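Novice:
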Amino acid sequence: MSENLVNSLNVAKFGGTSVANYAAMQNCASIIKNNPKTKVVVVSASAGVTNLLVDIAHTAMSKQQIQQKLTEIDKIQRAILQELTQAKLVAPKLQQLQSSLSELALHEELLHRADLKDALLSHGERMSSLLFSAVLMQIGVKAENFDVRKVLKTNSEFGQAVPDLEQIKAAATQLMLATLQDTVLVTQGFIGADEQGNTTTLGRGGSDFTAALLAEALNAQTCEIWTDVIGVYTTDPRITDTARPLPELSFEEAAEMATFGAKVLHPATMEPALRQDIKVFVGSSREPEKGGTWIARDCETEPAYRAITRRKEQVMVTVKTPKMMYAQGFLQKVFTIIAKHKLSVDLITTSEISVSFTLDNPANSVLERLNLDTIEELSQFCEVLVEENYDLVTVVGNNMHSAAGVSSKIFAAVADYNLRMICYGANPHNLSMLVNDTDSREVVCALHRDLIE
Ligand code: ADP
Ligand code: ASP
Ligand code: MG
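Per this note's numbering, the very first residue in the sequence shown carries number 1; after that it's consecutive.
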């Protein structure tokens, strides 16, 4: 590959709705064809497919029910296959994937083995990338379906595998770079492989992360995230139609937004971009002409309030011991148990005899949910209170620690609501509050109206 092309390489990622059906895939194919710098394409599973696979992997079902889910997946993929001019060539490969999927879905140990779950989940991206590479070739782009597991090496933490950056860089350089000279590689987001060659996954929404990791490994100049909205908005456009797309964002702001609920980006996406200074673009594959958001190290503006995010389904856990004042190591004991169960804590507040913290607890997560074992273990040395039905609302901005009046304006906006817990972030970019889930939409709207509109 020539020096020039290496330096201007673009990695483009297309999300689930962008590859949901044949017509949507055609939009993506045009976007790729129109930018000769795009040489690596990362795709998600077609919309709905991963949810169906998660159902199969996590819920006890009868064979008949499993079959029903498989039929639903089959319908989505077959509808695309039928539109391909090369359908006959692609059909046997799709059939192969469907057979291995069905075998895993009916495997007796599926519900108890994390490695089987990840192998099953990987089929969504493997099918969509196969079909999409055919769509691309159909419009005259030289493309190849590339198995990302040859490159995206991870540890063996199934469901939330951690990428091995050195191995990824070495493998990408060796196995992808030369081909990019004259071929577009279409590969899978979300999936990887551990040292033993077992398939792993990066967590829900992980395809954005894959794109950024490959961009980093290949020294790309830009990474495009094509989705169903024309950029990153001031708040989730599904919450209020006063939300508007942001022309620019800093890496830090985008990372905070993603961490605190802006589903448009996977929370880890900004890490590789930041390390390698790769500009990230977010735009709509349906309306590419409308532009989008550019995320970079430096922005022209640094507003105190940039965006409002919401993360749903939070639980608040309070652990209480009258002995805390004297009990050295109490916090350590609590957090060892939390870590053992792989739960991730977001907000923390402490008082003399108690500690409260919030945990993410969404129903469709592939991660462990707060479970009875955890509570029982904590109960052995302290009183435990679990409160549900909370959402976390976060104001993302700049210099929030130091600028005068920032918090008073925020509190004035939400004066009518009960805030269960409030936390300044450990960096100057966020202030979060835990609110009743029934209030959270109004809280977001009030903050958006008073701080941003
Ligand atoms: P994809 O399948 O392309 O990865 P996602 O569904 O993961 O797409 O993310 C896109 C969705 O993220 C949007 O449809 C939107 O509802 C939601 N979203 C949440 N917060 C924001 C935000 N601040 N800006 C834009 N979209 C957001
Ligand atoms: N298909 C995976 C999911 O739905 C990964 C992704 O779309 O980014 O979570
Ligand atoms: Mg996504």
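The beta carbon of each residue, even a glycine, is placed where N, CA and C say it ideally should be.
Just so you know, these numbers come straight off a predicted model, no measurement behind them.
1. Under 8 Å Cβ to Cβ from E442, same chain only, skipping five residues before and after it: list those, please.
2. Taking 7 Å as the line, does the beta carbon of M137 fall inside it for any heavy atom of ligand 1?
3. Who are K13's beta bridge partners in DSSP?
4. To the nearest angstrom, how far is it from the Cα of D346 to the Cα of P92?
5. For Y390, which of helix, strand or coil comes out of DSSP?
6. Hey, could you find the ends of the alpha helix (DSSP H) A124 is sitting in?
7. Let me check understanding here. Comparing Cα to Cα, which of Q332, E388, S18 and G124 lies closest to T199?
8. Determine the extent of the beta strand (DSSP E) in which R441 is found, giving its start and end residues.
9. Can you name the residues that DSSP bridges to I248?
10. Report the CB separation of G283 from E224 in whole angstroms; it is logged as a contact under 8 Å.
11. Using 7 Å as the cut-off, classify the Cβ of G15 as near or not near the heavy atoms of ligand 3, replying yes or no.
12. How many Å lie between Y390 and S344 at the Cα?
13. If F132 sits next to V19, beta carbons under 8 Å apart, how far is it from one beta carbon to the other, in whole angstroms?
14. Quick check: the Cα distance between L89 and L9, rounded to an integer number of angstroms?
15. Going by CA-CA distance only, name the one from L97, A29 and V444 that's closest to G77.
16. What whole-angstrom Cβ distance do E302 and N398 have, given they're in contact under 8 Å?
17. Determine the closest residue to S459 out of M433, S46, L175 and A426, with distance taken between C-alpha atoms.
18. Buried or exposed for Q196, going by 16 or more other Cβ atoms inside 10 Å?
19. Counting C-beta neighbours from all protein chains within 10 Å, is the total for K323 16 or more, i.e. buried, or is it exposed?
20. Given 7 Å as the limit, tell me if R204 has its C-beta closer than that to any heavy atom belonging to ligand 2.
21. Spatial neighbours of M1 within its chain, please: CB distance less than 8 Å, with the 5 preceding and 5 following residues excluded, ordered by chain position.
22. Applying the criterion that 16 or more other CB atoms from any shown protein chain within 10 Å of the CB defines a buried residue, is E3 buried or exposed?
23. Can you list, in chain order, the residues of its chain whose CB lies under 7 Å from that of L104, leaving out five sequence neighbours each side?
24. I'd like the list of long-range same chain contacts for L451, defined as Cβ closer than 6 Å, with 5 residues on each side in sequence excluded.
25. Can you grab the Cα-Cα spacing for the pair K37 / T374, in whole Å?
26. Is T235 close to ligand 1? I mean its beta-carbon at under 7 Å from any heavy atom of the ligand.
27. Verify the contact flag: A24, CB atom, against every heavy atom of ligand 1, threshold strictly below 7 Å.
28. What is the DSSP secondary structure of E3, counted as helix, strand or coil?
29. Could you give the first and the last residue of the continuous beta strand (DSSP E) run that contains C299?
30. Quick one: is the Cβ of D164 within less than 7 Å of any heavy atom of ligand 2?
31. Which full runs of the beta strand (DSSP E) of 3+ residues lie inside the region 69–101, going along the chain?
32. Relative to the C-alpha of P163, which residue among G231, G203 and S128 is closest?
33. If we ignore side chains and look at the alpha-carbon of each, how far apart do V355 and T173 end up?
Specialist: Quick look at the numbers:
1. As a first step, residue 442 must be located in the sequence shown, where it is residue number 442. Excluding the 5 residues flanking it on each side, E442 has same chain C-beta neighbours closer than 8 Å at Y417, in chain order.
2. Looking up residue 137 in the sequence shown gives position 137. No, the beta carbon of M137 sits no closer than 7 Å to any heavy atom of ligand 1.
3. Looking up residue 13 in the sequence shown gives position 13. Per the DSSP secondary-structure output, K13 pairs in a beta bridge with V42 and I225.
4. Position 346 of the sequence shown, counted from the start, is the residue given in the question as residue 346. Position 92 of the sequence shown, counted from the start, is the residue given in the question as residue 92. A direct Cα-Cα distance of roughly 46 Å separates D346 from P92.
5. Taking the first residue of the sequence shown as 1, we reach residue 390 at position 390. Strand, per DSSP.
6. What you label residue 124 is simply residue 124 of the sequence shown in a count that begins at 1. Sequence inspection shows Gly at residue 124; the Ala mentioned does not correspond to that position. Annotation: the continuous alpha helix (DSSP H) that includes G124 extends over A114 to Q138.
7. By 1-based counting over the sequence shown, the position of residue 199 is 199. If you compare the alpha carbons of Q332, E388, S18 and G124 with that of T199, the shortest gap goes to G124.
8. Taking the first residue of the sequence shown as 1, we reach residue 441 at position 441. That residue, R441, is in no beta strand (DSSP E); its alpha helix (DSSP H) goes S440 to L447.
9. As a position in the sequence shown, residue 248 is number 248, starting the count at 1. Rather than Ile, the amino acid found at residue 248 in this sequence is Glu. Answer is W294.
10. Residue numbering aside, residue 283 sits at position 283 when the sequence shown is read from its first letter. Residue numbering aside, residue 224 sits at position 224 when the sequence shown is read from its first letter. Rounded, the Cβ-Cβ distance is 7 Å, consistent with contact.
11. Translated into the one-based positions of the sequence shown, residue 15 becomes position 15. Yes, Cβ of G15 sits closer than 7 Å to a heavy atom of ligand 3.
12. Here residue 390 refers to the residue found at position 390 when the sequence shown is read from its first residue. Here residue 344 refers to the residue found at position 344 when the sequence shown is read from its first residue. Note on geometry: alpha-carbon atoms of Y390 and S344 lie some 16 Å from one another.
13. Here residue 132 corresponds to residue number 132 of the sequence shown, with the count starting at 1. Here residue 19 corresponds to residue number 19 of the sequence shown, with the count starting at 1. So it is a contact: roughly 6 Å between Cβ atoms.
14. Residue 89 sits at position 89 when you count from the first residue of the sequence shown. Residue 9 sits at position 9 when you count from the first residue of the sequence shown. Their backbone Cα atoms lie some 30 Å apart in a straight line.
15. Counted from its first residue, the sequence shown places residue 77 at position 77. According to the sequence shown, residue 77 is Gln rather than Gly. Closest option to Q77, Cα to Cα, is L97.
16. Taking the first residue of the sequence shown as 1, we reach residue 302 at position 302. Taking the first residue of the sequence shown as 1, we reach residue 398 at position 398. Going by Cβ atoms, the distance from E302 to N398 rounds to 4 Å, so yes, they are a contact pair.
17. Because the chain is modelled from 1 through 453, residue 459 falls outside the range shown and cannot be assessed.
18. As a first step, residue 196 must be located in the sequence shown, where it is residue number 196. With fewer than 16 other Cβ atoms within 10 Å, it is exposed.
19. Against the sequence shown, residue 323 aligns to sequence position 323. Exposed: under 16 other Cβ atoms inside 10 Å.
20. Here residue 204 refers to the residue found at position 204 of the sequence shown. Yes, ligand 2 has a heavy atom inside 7 Å of this Cβ.
21. As a first step, residue 1 must be located in the sequence shown, where it is residue number 1. Any answer about M1 is weak, because its pLDDT of 49 lies below 50 and its placement is not dependable; what the coordinates show is given next. Here the set comprises L177, A178, L180 and Q181.
22. Here residue 3 refers to the residue found at position 3 when the sequence shown is read from its first residue. Only weak support is given to the placement of E3: the predicted model assigns it a pLDDT of 49, under 50, and the value that follows is read from those uncertain coordinates. Exposed, by the Cβ-count rule.
23. The residue given as residue 104 occupies position 104 in the sequence shown. In its chain, beyond the 5 residues on either side, L110, L116, A119 and L120 have a beta carbon closer than 7 Å to the beta carbon of L104.
24. The sequence position of residue 451 within the sequence shown is 451, counting from 1. Correct list, in chain order: Y305.
25. Taking the sequence shown and counting its residues from 1, the one referred to as residue 37 is at position 37. Taking the sequence shown and counting its residues from 1, the one referred to as residue 374 is at position 374. Taking the straight line from one Cα to the other gives about 49 Å.
26. Looking up residue 235 in the sequence shown gives position 235. At a threshold of 7 Å, T235 counts as near ligand 1, since its beta carbon sits closer than that to one of the ligand's heavy atoms.
27. For the purposes of this step, residue 24 is taken as the residue at position 24 of the sequence shown. Not so, every heavy atom of ligand 1 lies at least 7 Å from the Cβ.
28. For the purposes of this step, residue 3 is taken as residue 3 along the sequence shown, with counting starting at 1. Because E3 carries a pLDDT of 49, less than 50, the predicted location of this residue cannot be relied on, and the following value inherits that uncertainty. Residue state, collapsed to three classes: helix.
29. Taking the sequence shown and counting its residues from 1, one reaches residue 299 at position 299. Following the DSSP letters along the chain, one finds C299 in no beta strand (DSSP E), marked with neither H nor E.
30. Mapped onto the sequence shown, residue 164 falls at position 164. Outside the cutoff, so no.
31. Counting only runs of 3 or more, we get nothing.
32. Within the sequence shown, the letter at position 163 stands for residue 163. Out of G231, G203 and S128, G203 has the C-alpha closest to the C-alpha of P163.
33. Here residue 355 refers to the residue found at position 355 of the sequence shown. Here residue 173 refers to the residue found at position 173 of the sequence shown. V355 and T173 have their C-alpha atoms spaced approximately 48 Å apart.
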